[in-house]
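Visitor: My questions all concern the structure below.
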Amino acid sequence: MDPEAFRRYGYKMVDWIADYLANGKEYPVLSQVEPGEIRGALPARPPQEPETMEAIMADVDRVLMPGITHWNAPGFLAYFANTGSGPGILGEMLASGLNVNAMLWRTSPAATELEQVTLDWLRQALGLPEPLFGVINDTASSSTLYALAAAREALSDLEIRQKGLAGRADVPRLRVYASQEAHSATDKAAMTLGIGQEGVCKVATDDELRMDAAQLEQAILRDLEEGWRPCAVVATVGTTSTGSIDPVAQIADICEKYGLWLHVDAAYGGSAAVDPQMRRVLDGCERADSLVVNPHKWLFTPMDCSVLYTRKPEILKAAFSLVPEYLRSAQNQDEEVPNLMDYGTSLGRRFRSLKLWMIMRYFGQEGLAARIREHCRLAQWLARQITATPGFELMAPVHFSLVCFRAHPHGIDDEQQLDKLNEGIINRINASGRFFLSHTRVNDRYTIRVAIGNIRTMEHDIHALWDTIQGQPSQS
Ligand code: PLP
């Protein structure tokens with residue numbers, strides 16, 4: 005594609021995206037295709053002859069669009085809604101144009117240094133104290149894996165990096181602690197790191213679904229007696245099911261007492277701290293050894309962008325740094341600038357900081373905070389309607405922009421019947437095409453989740469959702 009053709013198609017593509025973002029309501033938010041439908045509409049054999057961009061884009065419209073679930077739509081309220089904001093999309097576009105691989109400092113000094121500067125801005129915006137080293141990964145699952153690899157590396161007497169875990173009679177079984185409400189990323193990390201799912205101790209939660217710190221300490225003491233080697237605690241600020249917040253300061257006390265690594269999963273909830281009024285949600289996190297926050301969840305950054313912070317970058321580096329001859333450079337010896345390949349399993353690294361940098365500049369902290377505040381206000385409004393309406397009940401406190409509730413009509417107390425009723429409500433709403441909701445179980449009860457997090461979700465959307473939930477035709 006020559007530069008002029010690129011320019012022509014590039015303008016068309018920008019027009020396409022701008023129209024898409026403006027007219028999102030034309031599509032059902034949750035794709036309505038059947039499994040295999042998209043694959044069946046595409047040729048099984050690779051194209052042999054060149055095709056025009058017109059033909060390719062026609063197939064995007066005809067074949068792919070029906071199979072898109074529209075995360076960028078205002079009615080996307082499932083899982084944790086996210087946003088491809090304008091400056092974020094443009095940042096992605098520029099990153100593709102530059103096509104930088106920031107594995108070493110010298111393979112693009114600007115990419116490495118912009119990542120450090122942007123993450124230091126974000127640190128300040130979140131109210132976290134220096135020194136804190138940050139690195140961008142694809143997802144919180146990777147960030148959690150790396151954090152727990154560092155926690156394992158911190159048990160330096162075990163020499164796990166050199167000797168591994170398998171077949172070693174001299175190594176006790178390792179234990180990681182997380183609440184019953186923690187994200188499965190912790191289990192996956194334990195599976196990957198040879199700690200195993202049995203190595204994850206699920207600590208009970210209190211009546212607000214927060215890790216019970218007293219139970220955590222009892223579990224550690226019991227494990228020590230039984231010969232386990234406690235390694236790390238994962239505390240969550242904003243759990244996936246309900247947005248509950250573990251008592252991080254109390255957990256930090258316990259980690260300090262027993263010498264355990266404290267990792268905080270603030271993948272969703274952490275972004276709220278850019279609003280000074282919400283900063284308290286990160287209380288105690290200044291004592292964490294590592295913390296993950298995902299701008300691709302609630303900081304209007306397109307997939308993918310997960311920030312891993314650590315107060316102990318030297319341990320993270322010790323877990324991962326391995327420099328073969330062909331990657332040696334003067335900066336391998338020079339501590340002044342990091343080589344970002346040293347802080348995880350990937351060598352190649354996308355220029356992800358570019359989009360975050362653009363977002364932080366375009367909105368400013370004030371603009372980001374205002375949008376987060378508005379999402380929380382809408383969540384509180386919805387929670388008030390639920391509490392005030394007979395036949396509905398809130399299932400968990402609302403700390404952020406996530407509302408968990410269910411229909412519970414007077415006279416129906418059979419749990420299976422209630423599960424079916426609420427599943428039916430979600431199915432009806434998702435089939436309407438206007439909204440997409442997902443569910444969880446709270447205290448084993450089927451629960452509807454409304455996760456407000458898209459920058460395009462407005463007050464009238466949430467009002468219309470509430471009408472729809474109650475079975476009334478929506479007013480807007
Ligand atoms: N932690 C929490 C609290 C989450 O809610 C999620 C996903 O929703 C994750 C971790 C995993 O995030 P990712 O998809 O970035 O791996």
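Numbering follows the numbering used here, in which position 258 of the sequence shown is assigned residue number 262; successive positions increment by one, without gaps. Cβ coordinates follow ideal geometry from the N, Cα and C atoms, glycine included.
On a CA-only basis, which of Ser333, His464, Arg388 and Glu30 is nearest Val407? Give me that one, please.
Guide: Among Ser333, His464, Arg388 and Glu30, the Cα nearest to that of Val407 is on Arg388.
Visitor: In three-state DSSP terms, what is Gln479?
Guide: Note that Gln479 has pLDDT 49, beneath the 50 cutoff, so the model's placement of it is unreliable and no number is given.
Visitor: Which residues mark the beginning and the end of the alpha helix (DSSP H) in which Trp470 is found?
Guide: From DSSP, the alpha helix (DSSP H) with Trp470 extends over Glu463 to Ile473.
Visitor: Could you check what DSSP says for Ser405 in three-state terms: helix, strand or coil?
Guide: Looking at Ser405 - three-state DSSP - the assignment turns out to be coil, as it is neither helix nor strand.
Visitor: Phe10 by DSSP, collapsed to three states: which one?
Guide: Three-state DSSP puts Phe10 in a helix.
Visitor: Should the region 354 to 361 be called in touch with the region 108 to 128, which here means at least 3 C-beta pairs below 8 Å?
Guide: Yes, the region 354 to 361 touches the region 108 to 128.
Visitor: Just curious, the alpha helix (DSSP H) that Gly101 is in, first and last residue?
Guide: Residues Gly90 to Leu102.
Visitor: Is Phe404 near ligand 1, in the sense that its beta carbon is under 7 Å from a heavy atom of that ligand?
Guide: No, Cβ of Phe404 sits at least 7 Å from all heavy atoms of ligand 1.
Visitor: At the level of alpha carbons, what is the spacing between Trp302 and Asp174?
Guide: Taking the straight line joining both Cα atoms gives about 44 Å.
Visitor: If you measure from the CB of Phe137, is any heavy atom of ligand 1 nearer than 7 Å?
Guide: No, since every heavy atom of ligand 1 falls outside the 7 Å radius drawn around the Cβ of Phe137.
Visitor: Going by C-alpha distance, which of Thr391, Ile433, Thr451 and Met364 is nearest Gln128?
Guide: Gln128 has its Cα closest to that of Met364, out of Thr391, Ile433, Thr451 and Met364.
Visitor: Of the choices Arg284, Gly415, Ser245 and Val297, whose alpha-carbon is the least far from that of Phe409?
Guide: Measuring from the Cα of Phe409, the nearest candidate turns out to be Ser245.
Visitor: From the DSSP output, which residues share a beta bridge with Lys206?
Guide: Answer by DSSP bridge pairing, in chain order: Ala182.
Visitor: How long is the line joining the alpha carbons of Gln123 and Glu58, rounded to whole angstroms?
Guide: Strictly speaking, residue 123 in this sequence is Leu, with Gln absent from that position. So the alpha carbons of these two residues sit roughly 40 Å apart.
Visitor: Run the CB neighbour count on Phe10, radius 10 Å, all protein chains shown included, and call it buried at 16 or more, exposed below.
Guide: Classification of Phe10: exposed, given that the 10 Å Cβ count is below 16.
Visitor: If contacts are defined as beta-carbon pairs under 8 Å, then Leu178 and Ile199 qualify, I think. What distance do you get, rounded to the angstrom?
Guide: 5 Å between Cβ atoms; contact.
Visitor: Using 8 Å for Cβ pairs, my map puts Gly131 next to Ala277. What's the rounded Cβ distance?
Guide: That belief holds up - the Cβ atoms of Gly131 and Ala277 are roughly 6 Å apart, short of 8 Å.
Visitor: Could you tell me which uninterrupted beta strand (DSSP E) segments, each at least 3 residues in length, are contained entirely in the region 204 to 249, listed from first to last along the chain?
Guide: Runs found: 204 to 207 and 233 to 240.
Visitor: Examine ligand 1 and report whether any of its heavy atoms sits within less than 7 Å of the Cβ of Thr313.
Guide: According to the sequence as given, residue 313 is Tyr; it is not Thr. Incorrect: Tyr313 has no Cβ contact closer than 7 Å to ligand 1.
Visitor: Arg284: buried (16+ other C-beta within 10 angstroms of its C-beta) or exposed?
Guide: Exposed, by the Cβ-count rule.
Visitor: What is the rounded straight-line gap between the Cα of Arg156 and the Cα of Val238?
Guide: Rounded to the nearest angstrom, the two C-alpha atoms are 13 Å apart.
Visitor: Sort Thr87, Leu136, Arg353 and Asp216 by Cα distance to Asn103 and report the nearest one.
Guide: With distances taken between Cα atoms, Asn103 lies closest to Arg353.
Visitor: Can you find a heavy atom of ligand 1 that lies under 7 Å from the Cβ of Ser145?
Guide: Yes, Cβ of Ser145 sits closer than 7 Å to a heavy atom of ligand 1.
Visitor: Taking only three categories from DSSP, how would you classify His443?
Guide: Strand, per DSSP.
Visitor: Sorted by chain position, which residues of the same chain lie with C-beta nearer than 7 Å to Pro401's C-beta, five sequence neighbours on each side aside?
Guide: Cβ neighbours of Pro401 beyond the five flanking positions: Glu212.
Visitor: Give me, in chain order, the residues of the same chain whose beta-carbon lies closer than 8 Å to that of Ile72; leave out the 5 immediate sequence neighbours on both sides.
Guide: Counting only Cβ-Cβ distances below 8 Å, and skipping sequence neighbours, we find Tyr31 and Ser35.
Visitor: What does the alpha-carbon distance come out to for the pair Ala462 and Leu386?
Guide: Correcting the residue identity first, residue 462 is Met in this sequence and not Ala. Using only the alpha carbons, I get a separation of about 13 Å.
Visitor: Restricting to runs no shorter than 3 residues, where is the beta strand (DSSP E) found entirely within the region 321 to 407?
Guide: Segments of the beta strand (DSSP E) lying fully in the region 321 to 407: 396 to 398.
Visitor: Can you tell me whether Ser248 sits near ligand 1, meaning its C-beta is under 7 Å from at least one heavy atom of the ligand?
Guide: No, ligand 1 has no heavy atom inside 7 Å of this Cβ.
Visitor: Beta-carbon within less than 8 Å of Ile430's beta-carbon, same chain only, minus the 5 sequence neighbours each way: which residues are those?
Guide: Answer for Ile430: Leu441, Ser442, His443 and Ile452, listed in chain order.
Visitor: For Asp63, does the three-state DSSP call read helix, strand or coil?
Guide: Residue state, collapsed to three classes: helix.
Visitor: Say whether the region 314 to 327 touches the region 78 to 88, bearing in mind that this needs 3 or more beta-carbon pairs closer than 8 Å, one atom from each stretch.
Guide: As far as the Cβ criterion goes, the region 314 to 327 does not touch the region 78 to 88, which means the pair count is below three.
Visitor: Work out the CA separation of Val139 and Ala270 for me, nearest whole Å.
Guide: Ala270 and Val139: Cα-Cα distance of roughly 15 Å.
Visitor: Under 6 Å Cβ to Cβ from Pro70, same chain only, skipping five residues before and after it: list those, please.
Guide: Closer than 6 Å at Cβ, skipping near neighbours: Val37.
Visitor: Kindly give me the distance between the Cβ atoms of Gly92 and Met399, rounded to whole angstroms, as I take these residues to be in contact under 8 Å.
Guide: Not really, about 32 Å apart at Cβ, beyond 8 Å.
Visitor: Should Pro50 go down as buried or exposed, given a rule of 16 or more other Cβ atoms within 10 Å for buried?
Guide: Exposed, since its Cβ has fewer than 16 Cβ neighbours within 10 Å.
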